[in-house]
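Reading through the structure tokens given below for one structure.
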Amino acid sequence: MPDPLAADLRDPAVLAALEALGAGRIDVLDEVGSTNEQLTAAVLRQARGAAPARPWTDLSLLLTGHQSAGRGRLDRVWTTEPGTALTFSVLLRPAGAGGRPLPTQHFPWLTLLMAAAVVEALAGVAGAGARIKWPNDVLVDGRKVAGLLAGLVLDPHRAPAVVLGTGINVSQEELPVATATSVRRATGRDVARAAVLEAVLGAFVPRYRQFCADPAAATGPGGPLRRLVEDRMETLGRSVRAELPGGAEPVTGTAVGLGAHGGLLLRDDAGTEHEVTAGDVVHLRPAAPGKA
């Protein structure tokens, strides 16, 4: 018998709504260690010739009632109490006109577009004033309510794909750290995981298609998707410290915008602009007046 923790996600009406939004294959698991790892393994099996009855196509989804061993950036553990979080991974095969695969240099925008979709979804279903913390967190009142993690899937027979995982704290009353929150704690509202999922995908899919049609125009200077993401960012206008990978010297400055491929632009005290493409960002003080 299906685990009751996943019953809400198996509801035929929910699955039909996701299909109507453009989802490909949809699998719902009772419990899994990591949706990203599970989906990546399934896609690689398909790449090796183990053709499934239902192929893993663009916008395919893997959902779980409970993720027991999720990981975030830098291999940090991401765990939740059973039944309290919305956890899913989506397979993305970005392609433009004529099905031509997009260059991987554009892929960092996918995480930011999903983060923006989470912000919109939480506002719509729960009235939450969520914001994006670059590169892959969503905050409410400065506390983390959601995290995202993207991984590249290399297939020797076709263009690289992306598995993008999202975890949203929905109904937790107790969180393991003071820097985390849930939709319930932040808003006092009880919302259904399925409603959040439908809202997230409903916001993400049209922007994803717009991005695929012309990523340079959509995310270049003044581009509509760049503006959309920047308007939802908590990081912009703040004094931040970027802690870089590989032991490089941290960079401190004011976050002033996003680069062509989704990197964070920092301006230091000397007026020099730096683009951070990977690393942890620490918010040092609130945004300047006029910034969110």
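Everything in the sequence shown is counted per the numbering used here, starting at 3 for the first residue and increasing by one.
Even glycine gets a Cβ: it sits at the ideal position worked out from N, Cα and C.
Bridge-paired residues (DSSP) for residue i
i, result
"V284", "R243"
"H276", "L268"
"A205", "DSSP, once it has assigned bridges, lists no residue as partnering A205."
"D29", "L64"
"P103", "A97"
"R145", "V142"
Residue i versus the options, residue with shortest Cα-Cα distance
i, options, result
"E200", "R12, H263, R269", "R12"
"P247", "V283, G261, S91, A52", "V283"
"L150", "L166, A194, G101", "L166"
"L114", "G259, L268, G126, A49", "G259"
"H285", "G273, G190, L266", "L266"
"R195", "L177, I170, A180, A218", "I170"
"E83", "L61, P178, A188, E122", "P178"
"G255", "M235, V278, G249", "V278"
"A188", "A215, V142, G225", "V142"
"P162", "P226, G126, A97", "A97"
Contact under 7 Å by Cβ, residue i with residue j
i, j, result
"A257", "V193", "no"
"V164", "F90", "no"
"V172", "L88", "yes"
"F206", "A132", "no"
"A18", "G67", "no"
"V231", "A244", "no"
"R27", "R56", "yes"
"L112", "P217", "no"
"L65", "V30", "yes"
Simplified DSSP state of residue i, which is helix, strand or coil
i, result
"P4", "For P4, the predicted structure reports a pLDDT of 47, less than 50, and the residue's modelled location is therefore unreliable. The matter cannot be settled from this model."
"G248", "helix"
"T66", "strand"
"A132", "strand"
"D157", "coil"
"N171", "strand"
"A124", "For clarity, residue 124 is Leu in the given sequence; the question names Ala instead. In this structure, L124 counts as helix in the three-state DSSP scheme."
"A294", "Reliability of the predicted coordinates at A294 is poor, the pLDDT of 43 falling under 50, and the value obtained from them is presented with this limitation in mind. Note: A294 maps to coil in three-state DSSP."
"A9", "helix"
"A218", "helix"
"R56", "coil"
"F109", "coil"
"A117", "helix"
"T183", "coil"
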